[in-house]
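Working notes, structure below.
2 protein chains.
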Amino acid sequence: MIENRFARRAAALSPNFPASHFPGELDEGVIPFDSGFAAPQLLPDLTGFADDALTTWREETLQYSPPQGQPELRGWLAGMMNADGCALSAENILIVNGAKHGLELVCRLLIDEGDAVVVTAPTYFTAIPIFRSFGVEFVEIGQDADGLLVDDLERALAERRAEGKPAPKLIYNVADFHNPSGATMPEDRRRKLLEIAVREGIPVVEDTPYRRVRFEGDHVPSLKALDTTGIVFHLGTFSKLVAPGLRIGWVAAEAPLIARLIQLKSDGGSSPLVQRIIYEFARSGAFPAHVERVRALYRERRDAMVAAVRRELPGATLHVPEGGYYVWVTLPSHVDGDGFAARAAAAGVNIIAGSKFFATPGREWPANMSSPRNHVRLSYSYATVAQIEEGVKRLAAVYAPVEA
Amino acid sequence: MIENRFARRAAALSPNFPASHFPGELDEGVIPFDSGFAAPQLLPDLTGFADDALTTWREETLQYSPPQGQPELRGWLAGMMNADGCALSAENILIVNGAKHGLELVCRLLIDEGDAVVVTAPTYFTAIPIFRSFGVEFVEIGQDADGLLVDDLERALAERRAEGKPAPKLIYNVADFHNPSGATMPEDRRRKLLEIAVREGIPVVEDTPYRRVRFEGDHVPSLKALDTTGIVFHLGTFSKLVAPGLRIGWVAAEAPLIARLIQLKSDGGSSPLVQRIIYEFARSGAFPAHVERVRALYRERRDAMVAAVRRELPGATLHVPEGGYYVWVTLPSHVDGDGFAARAAAAGVNIIAGSKFFATPGREWPANMSSPRNHVRLSYSYATVAQIEEGVKRLAAVYAPVEA
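Sequence order for the protein chains is H and S.
Numbers in our numbering are just positions in the first sequence, counted from 1, shifted up by 38.
Numbers in our numbering are just positions in the second sequence, counted from 1, shifted up by 38.
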């Protein structure tokens, strides 16, 4: 009696999700390289801001509030993005319950069942079930160390046109410190991506969870900063910069599109209490100091992870990410990522097999793309340097398949 | 380029929404009888609970957390519902971002485009656009002082069957202190509703925002408490009992259905910070005292509103609600609710015309149902007793249409 197409799709999907290991659920001694949890050492002291929010601002923070979000927080976000090259106002910002909520709303605005969407191969795995729940066809485009292969995208769009297929409805990408590949697109490739998108009339959804977690290297403008036509929906989040438990993100887009997204929101808006806490923290002196601590600690852990992998996993290759939370490891051809991840779990280290990051893992791959099963993703955000060293040693012990 | 069917529907809907007047946006001197804001005097002091949540529980409250919600809060909610006649465990509870979010998830589970849903006439107006965004057909069933007319429901279902139409996919109802009608269904009518639902295999969605805001009268079991077959999805919220700004509600249903709803959630879960604050408040001694204060203050305001309407608006009739936030006023036939609401706004009182609460306002109504345009809804939750008296006096001055 209760099956509908959404439910059927969700049921079909679930085995595909990587298992979630929340910190409180980890078995003693297990080392989590699997998920993008915040380093506990970096969770900020928000008590003073909460106290202020619940006293001075009580009639705002505990009452219903406008669905677009707290105006001062929206203004602050527009200012932060403008300092990063954009030209936005509070009108261009919609507060959402995390970037995934923003992605879902953009899908609700743009996608009808059967539409195609462009994603990278590999792509952010949590985006995959969101897209699938809308019944999309995936157009997967490979990456190199500079991110999405724009020439391949151009070719794929031309092929679709030649076959009489409609253009995809959006291009989804993580241009900074890509999850999972770690790649950052240089400015010229970003400009080329936007040129294609504008020419073909395909909206670009830029997901930027790690943008402000840069360790080194040159600043590269965001796609939104390079966007002169309003074709970019920019997704942001406080999860990676302040704390995941806040569940607050934002969408930046043209004001008329923001107005449409608000109409598609039926959740009564994000909590004004949490928005006020974030706003008071963000505009305080504690915030820039916090961001520096975030960068310094994750840089240290990235360095430890890269060194350990190079030392302990012979034949594995990686491109050192300039920021973010993850190292994408390409395995030698005799090591299967799925088997390796299973052996690692048995040895007390949670890692995620590369195949989980491909929207259609069973497909045939072109010669210039490595197989989905040839990778693992290692997160260095939650484990300490000592755990990283111990964990990669455990990985080394189960790296090669046991002889039968 | 960016229209899809959701967006087209949302655009078509928006003129139908009553205007939102958030407390901070009200013009000086305007009296708001329009929306279900909490009385500012009742917003609790949560500073101690927030401080605890952000220190003792920091690694839980600022980290990612399980999408089903905080286990202790789910256990507490199951216990509260069990004290109210249910037989649930934490497994049966899903934490959501307010009851509207729960309703949307249930729609995602049950509804395909073109399906029918049963709603009351009138019904909760914010539910209307949520249902419409799923492309439903409405089956509207009238109410009397005892709520949904179950005989009319039975007749409507039989007529659909005779016409070869499929059964509706769900029955949506507010059985306690209905918004807007104020009616509470007696136990025998609830049993009859469930009997029909079970016989026809139609899930019932019970929305209970006001259930614990009872002023007087006998306790009536919830539909979930009377549900022996698992056919009821129960929606709850802390908005009316603690504070709307928390944006936390819950769905109670059979565990396998909860598991399916979790698969349909893509928002990363509700904020563990807010969940911990609520849980610590709810299990403290402050909570029962708070609930008593809520009941006492709204009872006083209900009394003031009922007395003022009886005194000032000749020919208007109302059924005194035993709880909740609203008085549903039936106007004499020469007073049109839409015109009255417009005149009231000009006189500095915001009220909502009854027609806004009907899913298909333009339809022909059977003889036993009063016209959608023959009512207004007056909220007494936010205005003080003095404002209620002044506001109803202003309403009296613009009650009858001005002679041309």
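Idealized CB from N, CA, C, for every residue including glycine.
What number of angstroms, rounded off, separates the C-alpha of residue i from the C-alpha of residue j?
| i | j | result |
| --- | --- | --- |
| S:Pro105 | S:Ala293 | 14 angstroms |
| S:Ile316 | S:Pro282 | 12 angstroms |
| H:Phe75 | H:Asp83 | 17 angstroms |
| H:Arg193 | H:Arg229 | 17 angstroms |
| H:Val367 | H:Leu64 | 24 angstroms |
| S:Leu232 | S:Lys262 | 10 angstroms |
| S:Ile179 | S:Leu369 | 21 angstroms |
| S:Thr93 | H:Gly152 | 48 angstroms |
| S:Pro53 | S:Ala383 | Caution is warranted here: a pLDDT of 41 is assigned to S:Pro53, below 50, making its placement in the model unreliable, and no coordinate value can be reported. |
| H:Phe55 | H:Gly386 | Unreliable placement is indicated for H:Phe55, whose pLDDT of 48 sits below 50; the coordinate value is still reported in the next sentence. Between H:Phe55 and H:Gly386, the C-alpha separation is close to 20 angstroms. |
| H:Phe319 | S:Ser322 | 28 angstroms |
| S:Val365 | H:Thr158 | 55 angstroms |
| S:Leu143 | S:Lys431 | 43 angstroms |
| S:Trp114 | S:Ala128 | 8 angstroms |
| H:Asp190 | H:Phe215 | 20 angstroms |
| S:Glu330 | S:Val289 | 24 angstroms |
| H:Val423 | H:Met343 | 8 angstroms |
| S:Asp184 | S:Phe271 | 21 angstroms |
| S:Phe276 | H:Leu80 | 31 angstroms |
| S:Pro241 | S:Leu208 | 5 angstroms |
| H:Gln301 | H:Ser371 | 50 angstroms |
| H:Leu416 | H:Ile426 | 10 angstroms |
In this structure, how does DSSP classify residue i when only helix, strand and coil are distinguished?
| i | result |
| --- | --- |
| S:Arg252 | strand |
| H:Asp415 | Here the sequence assigns Arg to residue 415 of chain H, which means Asp is not the residue at that position. Three-state DSSP puts H:Arg415 in a strand. |
| S:Trp114 | helix |
| H:Phe395 | helix |
| S:Phe271 | strand |
| S:Tyr210 | strand |
| H:Glu201 | coil |
| S:Asp72 | coil |
| S:Phe215 | coil |
| H:Phe446 | Residue 446 of chain H cannot be examined here, being either before or after the span of chain H that is shown, 39 to 442. |
| H:Ile240 | coil |
| S:Leu80 | helix |
| S:Asn388 | strand |
| S:Gln313 | helix |
| H:Leu187 | coil |
| S:Val365 | strand |
| H:Gln425 | helix |
| H:Thr32 | Missing from the structure shown is residue 32 of chain H; chain H here goes from 39 to 442 and no further. |
| H:Asp226 | helix |
Looking at residue j and residue i, is the spacing between their C-beta atoms short of 8 angstroms?
| i | j | result |
| --- | --- | --- |
| S:Asp245 | S:Tyr162 | yes |
| H:Ile133 | H:Leu111 | yes |
| H:Phe253 | H:Arg340 | yes |
| H:Gly136 | H:Arg285 | yes |
| H:Ala32 | H:Leu311 | Look at the range of chain H in this structure, 39 to 442, and you will see that residue 32 of chain H is not part of it. |
| S:Val155 | S:Val177 | yes |
| H:Leu141 | H:Ala165 | yes |
| S:Val347 | S:Tyr437 | no |
| H:Pro326 | H:Gly377 | no |
| S:Gly375 | S:Arg411 | yes |
| H:Lys138 | S:Gly306 | yes |
| S:Val188 | S:Arg227 | yes |
Are the C-beta atoms of residue i and some chain H residue less than 8 angstroms apart?
| i | result |
| --- | --- |
| S:Lys138 | yes |
| S:Glu292 | no |
| S:Glu448 | The structure shown does not extend to residue 448 of chain S, since chain S is modelled only from 39 to 442, so the question has no answer here. |
| S:Arg199 | no |
| S:Leu311 | yes |
Examine chain S for any beta-carbon lying closer than 8 angstroms to the beta-carbon of residue i, and answer yes or no.
| i | result |
| --- | --- |
| H:Arg250 | no |
| H:Gln101 | yes |
| H:Val242 | no |
| H:Phe60 | yes |
| H:Ala159 | no |
| H:Asp89 | yes |
| H:Ile168 | yes |
| H:Arg331 | no |
Report the neighbours of residue i on chain B: residues whose CB is nearer than 7 angstroms to its CB, in chain order.
| i | result |
| --- | --- |
| H:Ser308 | The structure shown has no chain B; the protein chains it does contain are H and S. |
At least 3 beta-carbon pairs within less than 8 angstroms: the region 86–97 of chain H vs the region 106–118 of chain H: no
Inter-stretch contact at 8 angstroms, needing at least 3 Cβ pairs: the region 120–127 of chain S / the region 347–359 of chain S: no
Cβ contact (3+ pairs, closer than 8 angstroms) linking the region 67–74 of chain H and the region 385–399 of chain H: yes
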